[in-house]
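First up is the structure itself, then whatever we jot down about it.
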Amino acid sequence: MNFFHLYDSNIRNEAPIAVFDSGVGGISVLQALLKEMPNENYWYYGDSANAPYGTKSLEEVRRLTVAHVDRFIRAGAKAVVVACNTATSAAVRYLRQKYPAVPLIGIEPALKPAVLSKNHPNVVVMATPMTLREEKFHNLMDRYMGMAHIIPLPCPGLMEYIEHGNMQSEELELFLARLFEPFEKQKLDAVVLGCTHYPFVSRELQKVLGNHVTLFEGGPGTARETKRRLAAACLLRNSLEKGKIHFDNSECSEDKRRLCEKLLNINFC
Ligand code: DGL
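Position 19 (the sequence shown) corresponds to -1 in the numbering used here; numbering is contiguous.
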């Protein structure tokens, strides 16, 4: 796909922002981007055919992520948001070196606001096994270690529920209840949703955890950072009209497209 055919070919600012995830989870970030910048054009790409990324090897996720980002940039995207914590930890540093002139924004678990939400809180970080294993997360955790009790919780198997459009069911509630079985829930203060799929199961999570636990997600911070980066590069779209959203997925089924549209309209907060 070449976006210079779809958008005014001479105006760089009209080009879309590519938003990428291993599947449909990055739509939680797209929602935040739309709140921050409704007038931008977006090209959302989910690699559902290769999902999940979080249980693959680092090399495999890096290879897939780099191949997709190469394609977005070749097709004329003006910026790339890697709306996947797993792909960010595997490839963003390398991609920034490869494309120093392109605004490339990654996402990381929203640990800082969770740690600062209370005096020495008990914070659980839910994420994929790869995100929690990688150096990027260890560095983040080291930064806040003295200010909170931080417990990483790998959640293999959870993103599949959202990929299959299951955001509310007894089966999902049981899965979440089992995940949190080892914890004394009354003692938990905050849970960080360190995978972009997880905000879509916030309601079920809150049911399992109780309303005293505050959930934190990285989408809004990533959207604010994207706006800052575009403004600094003079790449914001100067239009009073709403932009277009183009959904694209490596699993090109009608069901996936419908799921993307459904997720975009879910109010998970
Ligand atoms: N949505 C992705 C993230 O934020 C991960 C899901 C997967 O395992 O592919 O990490």
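Glycine included, each C-beta is placed from N, C-alpha and C at the ideal position.
The secondary-structure analysis by DSSP pairs Pro132 across a beta bridge with Val105.
A residue is called buried when at least 16 other Cβ atoms come within 10 angstroms of its Cβ; Pro132 meets this threshold and is buried.
Distance between Val103 and Met125, taken at the CA atoms: about 11 angstroms. Counting of Cβ neighbours within 10 angstroms places Arg217 among the buried residues, the total reaching 16 or more. Between Glu16 and Ala203 a beta carbon distance of about 4 angstroms is seen, short of the 8 angstroms cut, so the two are scored as contacting. Minimum Cα-Cα distance from Phe180 among the listed residues Pro101, Asn19 and Asn146 corresponds to Asn146.
Here Val193 really is in contact with Val171; their C-beta atoms are around 6 angstroms apart, less than 8 angstroms.
In the DSSP assignment, Ile(-3) falls outside any alpha helix (DSSP H) and within the unbroken beta strand (DSSP E) covering Ile(-3) to Asp1. Glu(-6) and Pro136 have their C-alpha atoms some 38 angstroms from each other. A distance below 8 angstroms separates the beta carbons of Ser2 and Asp27. Assignment of beta-bridge partners to Leu195 by DSSP yields Val171.
Inclusion of Ser69 and Phe117 in the CB contact set at 8 angstroms is warranted, their separation being smaller than that value. For Trp23 against His226, the beta-carbon gap comes to about 5 angstroms, under 8 angstroms, which counts as contact. Annotation for Pro18: Lys222 place their beta carbon closer than 6 angstroms to its own, counting only its chain and skipping 5 residues before and after.
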